[in-house]
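Taking the UniProt record's numbering, the leading residue of the sequence shown gets 1, the next gets one more, and so forth.
Where a beta carbon is used, it is the ideal one built from N, C-alpha and C, also for glycine.
Please read the structure below before turning to the comments.
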Amino acid sequence: MVACCQLRSNVNLSRIIRTASCCAVSRVIVTGNMKIDPKIARDGAEKLPISRHRSLPPVLRDLKSEGYRLVGLEQTTNSQDIHHYSFVRNTVLVIGNERHGTPDDVLRLLDDVIEIPVYGMPYSYNVGTATSMALYEFCRQFPEG
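Shown next, in the form of structure tokens:
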């Protein structure tokens, strides 16, 4: 699994880095100039390959041409419930911005969009929490690593 993030919060990015490392994500791709807090990310910041890019669409097109399935974590009209979604091993999990979600130019590139059901208020989870839940579900589906 590869994780691609378009975040604005250093805390959310650092939490995602820590979880991604725990889940043996092969690399994390980020856009922007986010700083990783080593106290939050712990060993994940040192052990996990992290690359920064100006824009996500070219990176996603390259990953798709390498055979990865692009899966967005977003609430959309056509998103699938994560409880009924079967990941493939070569998945790129695309995580949008905390305030604006996943932009349309990125959504158009995705093979699938998944969402995590929310049963109360507010209507969505924090992006770091949701990403952790999605990574855990990926690991649950591939318990042998």
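Of the residues assessed, Q141 falls on the exposed side of the cut-off, its CB having fewer than 16 other CB atoms within 10 angstroms.
Here S26 has M1, V2 and P49 as same chain residues with Cβ atoms under 8 Å from its own Cβ, once five neighbours each way along the sequence are excluded. Taking I40 as the centre and dropping the five residues before and after it, the same chain places the C-beta of V11, S14, R15 and R18 closer than 7 Å to its C-beta, in chain order. Put simply, the segment 60–67 does not touch the segment 98–105. Fewer than three CB pairs are less than 8 Å apart. Straight through space, the alpha carbons of V118 and R108 are spaced by roughly 24 Å. Judged by DSSP secondary structure, G44 falls within the alpha helix (DSSP H) whose first and last residues are G44 to K47. G67 sits exposed, since fewer than 16 C-beta atoms from the chains shown fall within 10 Å of its C-beta.
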